[in-house]
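There are 2 protein chains.
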Amino acid sequence: MESSKSGSAIPAEAEAIRKSTGIVTLADVAKLAGVSPITVSRVLNRPELVAPATIAKVRQVIERTGYVPNLLAGGLASSRTRFVAAIVPAISNQVFSESIQALTDRLWESGYQVLLGTSGYPTSREDALLAAILSRRPDGLFLTGISHSDESRRRLIAARIPIVEVWDLTPTPIDMLVGFSHVKVGEEVAECLIAKGYKRFGLVTADDARAEERNVAFRSTLDRHGFAEIATAVVQAPSNFRLGREGLSRILELGPLPRAVFCSSDTLAHGVLMEAQARGLSVPGDLAIVGFGDLNFAAYTFPSLSTVWIDRPAVGRMAADMLLARFEGKEPEKIVDVGFQVVERGTT
Amino acid sequence: MESSKSGSAIPAEAEAIRKSTGIVTLADVAKLAGVSPITVSRVLNRPELVAPATIAKVRQVIERTGYVPNLLAGGLASSRTRFVAAIVPAISNQVFSESIQALTDRLWESGYQVLLGTSGYPTSREDALLAAILSRRPDGLFLTGISHSDESRRRLIAARIPIVEVWDLTPTPIDMLVGFSHVKVGEEVAECLIAKGYKRFGLVTADDARAEERNVAFRSTLDRHGFAEIATAVVQAPSNFRLGREGLSRILELGPLPRAVFCSSDTLAHGVLMEAQARGLSVPGDLAIVGFGDLNFAAYTFPSLSTVWIDRPAVGRMAADMLLARFEGKEPEKIVDVGFQVVERGTT
DNA sequence: TTGAAAGCGGTACCAC
DNA sequence: GTGGTACCGCTTTCAA
Chain A
982 MESSKSGSAI PAEAEAIRKS TGIVTLADVA KLAGVSPITV SRVLNRPELV APATIAKVRQ
1042 VIERTGYVPN LLAGGLASSR TRFVAAIVPA ISNQVFSESI QALTDRLWES GYQVLLGTSG
1102 YPTSREDALL AAILSRRPDG LFLTGISHSD ESRRRLIAAR IPIVEVWDLT PTPIDMLVGF
1162 SHVKVGEEVA ECLIAKGYKR FGLVTADDAR AEERNVAFRS TLDRHGFAEI ATAVVQAPSN
1222 FRLGREGLSR ILELGPLPRA VFCSSDTLAH GVLMEAQARG LSVPGDLAIV GFGDLNFAAY
1282 TFPSLSTVWI DRPAVGRMAA DMLLARFEGK EPEKIVDVGF QVVERGTT
Chain B
982 MESSKSGSAI PAEAEAIRKS TGIVTLADVA KLAGVSPITV SRVLNRPELV APATIAKVRQ
1042 VIERTGYVPN LLAGGLASSR TRFVAAIVPA ISNQVFSESI QALTDRLWES GYQVLLGTSG
1102 YPTSREDALL AAILSRRPDG LFLTGISHSD ESRRRLIAAR IPIVEVWDLT PTPIDMLVGF
1162 SHVKVGEEVA ECLIAKGYKR FGLVTADDAR AEERNVAFRS TLDRHGFAEI ATAVVQAPSN
1222 FRLGREGLSR ILELGPLPRA VFCSSDTLAH GVLMEAQARG LSVPGDLAIV GFGDLNFAAY
1282 TFPSLSTVWI DRPAVGRMAA DMLLARFEGK EPEKIVDVGF QVVERGTT
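Going line by line, the protein sequences match chains A and B. Okay, so the first sequence: first residue is 982 according to the numbering used here, each after it adds one. Okay, so the second sequence: first residue is 982 according to the numbering used here, each after it adds one.
The following block contains the structure:
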């Protein structure tokens, strides 16, 4: 009613404007502040377009009423939902959780949130999950891995939103990519062990697609150097210590003691180490062990384990930056190789 | 145009109905199927109300067009968003991630998804996070811990949605609760160690509110039995192995060797064990170690470590069930004590 | 069993 | 700087 008076002229009765739902809407705030809805919207989203006095008035009413904006309505109207969906195989896998944490933190700084979906390791529900997630209209997508069903691929393309695939490298991502070459990992670990003078090799690995990429490269590199026989134990994902122990046992049954074992995860490597210790083998004296992932227990706990280090937070951070760039209409680098590092510990 | 012909009579031109956005809407599907929008909606949400022939017709069009429902619009119209927000201190903390996984899985079965928010351990952004989350209008909330700022408490109550707080016990939850008594944990661990005949005690603990509850109970129980002096080392959360090692070192400096040490997490316990081994102490011969949380490395790896076991998946599962019950208008039990179990390993 | 009309709570677009 | 109007895409209510 009044126009430029200070905020005290608001009739108490106006409080009752709240609908039956009992929840204050933007329109309620507008009425109480004596401005139009769009002005309240601007105070919230683009305050630089509003006069300071108006801002103060509106902010006061917002404060007083405890108004909480409805992002469903906002998203529907603007087709920008300010959230990114992330799909990982399992939330409890520390390898992914650190990337997700970094992604979440970075996006949070820019006013975005992360909806996390777990596709599941054994029985993949990726297709249904993707459909469910896309129906919430995320502004962007963070996907673990580069292999998707045809169905999913189609949906992803149809969604027409920025997408970052991570943890692998391909020249043909759906949209953008942050990863590293598992092939190179396999090669470098092999070369590293050869350089150290090891002559016999083993592989303890989960039945995981990315692990298999590393294994193939590992084997073919060794093969090229004339080491054809690789004692191999394949265990079922997800890995745990027990499987690592079993892995080594099975390898030892396969023939004479290998001197260097490459494991598909630090968890398995840890198990292998336990089994080695239980058998009285010295590590890395009798047996060199190389893990993958560099979870902290490897770094802090077992100075005798070697591992492959990946900057996991960087993966999340870079993915976030790429998505944010696209949200602002920029064209970031499409493919980023974050690389890795073989961390050697212990001596021959 | 046609009414009951089979789906082939749809004019190709009708495909062009799609708006400039290029995204198929429910209205488009309706037109193509020759029915009203509401009928399409029913096919999706309440097919039991629609004639089989109509369902088939509509489903076909949905399939052909690749229609993806817009849950923003649906949520706005129905004020049911079909998602639950969960707030945890940190996603990488395995203690929480298993509960979240169970929560996610259970809710998924009922068509709900989980939006995960991390409040952060050192600098808590819980208030801002909560505001951001509530603006997305979740149907329910899963909160770690029972202590919230006044601001948050007010918001939570104003939101008027089902809320489950977890990991602690209080007679006055905001709404519902799934937890266990940290006080009882401290008492039982103390009694257990006393019963085993230990005479000297130590505490290696992170500066965490829930840990402190356990510690107070631990100390006072020992005190009641005449063991007043408890060598204590407090380290800063989040815990890691290194801090565990340091913890034991500091305790050993405080006086003669304690025989039994209670740690605020298995991670710390693991570190304590390492330090003990490095010093040539036998465990549990010279030193009994009790952890907390029963992460698998404790279970599989260190038969000499004792720990406190909590059914973490059950926490998520029960929380999900309670929320789902409320969504259906039922009144589930408000407070559930999931209990815990002191797992003793090794011998004196 | 199906449909028409009226919102849900915001924002875009374009005047003023 | 500020406001009017239309509309985002779906569901609710009630009627047929």
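Beta carbons are placed, not taken as given, at the ideal position from N, Cα and C, and that holds for glycine.
| request: Going by CA-CA distance only, name the one from A/I1155, A/I1270, A/S1285, A/F1182 that's closest to A/E1235. | output: First, the amino acid is wrong: residue 1235 of chain A is Leu here, not Glu. Put simply, of A/I1155, A/I1270, A/S1285, A/F1182 the residue whose alpha carbon is nearest the alpha carbon of A/L1235 is A/F1182.
| Among all the DSSP beta bridges, which residues are the ones paired with A/F1243? | A/L1184, A/V1271.
| field | For B/E1146, the residue or residues it bridges with in DSSP | value | The partner list for B/E1146 (beta bridge, DSSP) reads B/L1124, B/L1158.
| task | Output, in chain order, the set of chain B residues within a Cβ distance shorter than 8 Å of A/R1118. | result | Within chain B, the residues whose beta carbon sits less than 8 Å from that of A/R1118 are N1051, L1052, L1053, listed in sequence order.
| said: Can you list, in chain order, the residues of its chain with a C-beta nearer than 6 Å to that of A/G1310? Leave out the 5 residues immediately preceding and following it. | reply: Same-chain partners within the cutoff: there are none.
| query | Between the region 1059-1075 of chain B and chain A, which residues of the former have a C-beta closer than 8 Å to a C-beta of the latter? | reply | Residues S1060, T1062, F1064, A1071, I1072, S1073, Q1075.
| request: Would you kindly check if the distance between the Cβ of A/R1298 and the Cβ of B/G1047 is under 9 Å? | output: For the 9 Å CB-CB criterion, B/G1047 and A/R1298 do not form a contact.
| query | Are any of the Cβ atoms in chain A nearer than 9 Å to that of B/V1010? | reply | At a cut-off of 9 Å between beta-carbon atoms, B/V1010 makes no contact with chain A.
| query | Within 10 angstroms of its Cβ, does B/L1115 collect 16 or more other Cβ (buried), or is it exposed? | reply | It is buried - the Cβ of B/L1115 has at least 16 other Cβ atoms within 10 Å.
| Between B/Q947 and chain A, is there a C-beta pair that is closer than 9 Å? | Because chain B in this structure spans residues 982 to 1329, residue 947 of chain B falls outside the shown range and cannot be described.
| query | For A/A1269, which residues of its own chain have a beta-carbon under 8 Å away from its beta-carbon, when the five flanking residues on both sides are left out? | reply | Here A/A1269 has L1174, K1177, Y1179, R1240, A1241, V1242, S1287, G1327, T1329 as same chain residues with Cβ atoms under 8 Å from its own Cβ, once five neighbours each way along the sequence are excluded.
| field | Spatially closest choice to B/S1130 from B/P1152, B/L1158, B/S1100, by CA coordinates | value | Among B/P1152, B/L1158, B/S1100, the Cα nearest to that of B/S1130 is on B/S1100.
| Nearest residue (CA-CA) to A/P1294, options A/P1119, A/F1199, A/L1084 | Nearest option by C-alpha distance: A/L1084.
| Rounded separation between B/A1037 and A/A1113 - CA only | Straight-line Cα distance between these residues: approximately 21 Å.
| message | My assumption, with CB atoms under 8 Å, is that A/L1262 sits in contact with A/G1228. Please give the rounded CB distance. | response | Their Cβ separation, rounded to whole angstroms, is 14 Å, which puts A/L1262 and A/G1228 out of contact at 8 Å.
| said: Can you check whether the C-beta of A/L1022 is within less than 9 Å of a C-beta belonging to chain B? | reply: A quick correction: the sequence has Ser, not Leu, at residue 1022 of chain A. So no, A/S1022 is outside the interface.
| task | Could you name the residues of chain A that B/I1081 contacts, counting a contact when the two beta carbons are closer than 8 Å? | result | By Cβ distance, chain A contributes I1072.
| said: Which residue marks the beginning of the beta strand (DSSP E) containing B/Q1082, and which one marks its end? | reply: Per DSSP, B/Q1082 is not a residue of any beta strand (DSSP E); the alpha helix (DSSP H) it occupies stretches across 1075-1090.
| task | Taking only beta-carbon positions, decide if A/R1326 is within less than 9 Å of chain B. | result | Not one beta carbon of chain B lies nearer than 9 Å to the beta carbon of A/R1326.
| If we count the other Cβ atoms within 10 Å of its Cβ and call it buried at 16 or more, is A/T1202 buried or exposed? | A/T1202 is buried by the Cβ-count criterion.
| Per-residue DSSP class, three states only, for A/A1066 | Three-state DSSP puts A/A1066 in a strand.
| field | Interface positions of the region 1112-1143 of chain B facing chain A (Cβ-Cβ less than 9 Å), listed along the chain | value | Flagged, chain order: A1112, A1113, I1114, L1115, S1116, R1117, R1118, R1135, R1136, A1139, A1140, R1141.
| query | Sorted by chain position, which residues of the same chain lie with C-beta nearer than 6 Å to A/P1313's C-beta, five sequence neighbours on each side aside? | reply | Counting only residues of its own chain and dropping the five nearest sequence neighbours on each side, A/P1313 has a CB closer than 6 Å to the CB of M1303, A1306.
| query | Cβ of A/V1271 less than 9 Å from any chain B Cβ? | reply | So no, A/V1271 is outside the interface.
| message | One question on the structure: do B/V1166 and B/R1205 come within less than 9 Å of each other, judged by their Cβ atoms? | response | No. Outside cutoff.
| query | What residues in the region 1253-1266 of chain B bring their beta carbon closer than 9 Å to a beta carbon of chain A? | reply | Going along the region 1253-1266 of chain B in chain order, one finds M1255 with a Cβ nearer than 9 Å to chain A.
| Counterpart residues of B/S1287 in DSSP-defined beta bridges | As a beta-bridge residue in DSSP terms, B/S1287 pairs with B/V1271.
| said: Any beta carbon from chain B within less than 9 Å of A/F1057's own beta carbon? | reply: It is worth fixing the name first, because residue 1057 of chain A is Leu in this sequence and not Phe. At least one chain B Cβ lies under 9 Å of A/L1057.
| Would you say A/V1197 reaches chain B, if we count a Cβ-Cβ gap shorter than 9 Å as a contact? | In terms of beta-carbon proximity, A/V1197 stays away from the interface with chain B, with every pair separated by 9 Å or more.
| request: Going by DSSP, name the residue or residues bridged to A/L1096. | output: Per DSSP, A/A1066.
| field | Neighbouring residues, chain B, relative to A/G1003 (Cβ below 9 Å) | value | Near A/G1003 (Cβ distances below 9 Å), the residues of chain B are A1139, R1141.
| field | Members of the region 1087-1105 of chain B that neighbour chain A once the beta carbon cut-off is set at 9 Å | value | The region 1087-1105 of chain B vs chain A, Cβ under 9 Å: W1089, G1092, Q1094, V1095, L1096, L1097, G1098, T1099, G1101.
| Reference A/Y1093; option with closest CA among B/E1090, B/L1097, B/L1224, B/D1149 | Ranked by how close their Cα comes to the Cα of A/Y1093, the residues B/E1090, B/L1097, B/L1224, B/D1149 have B/L1097 in first place.
| field | Cβ-based contacts, 9 Å cut-off: residues of the region 1167-1191 of chain A near chain B | value | Answer set for the region 1167-1191 of chain A: empty.
| query | Roughly how many angstroms lie between the CA atoms of A/L1007 and A/V1024, to the nearest whole one? | reply | Taking the straight line joining both Cα atoms gives about 11 Å.
| Is A/A1171 near A/A1198, with beta carbons less than 9 Å apart? | With respect to A/A1198, A/A1171 sits close: the two C-beta atoms are nearer than 9 Å.
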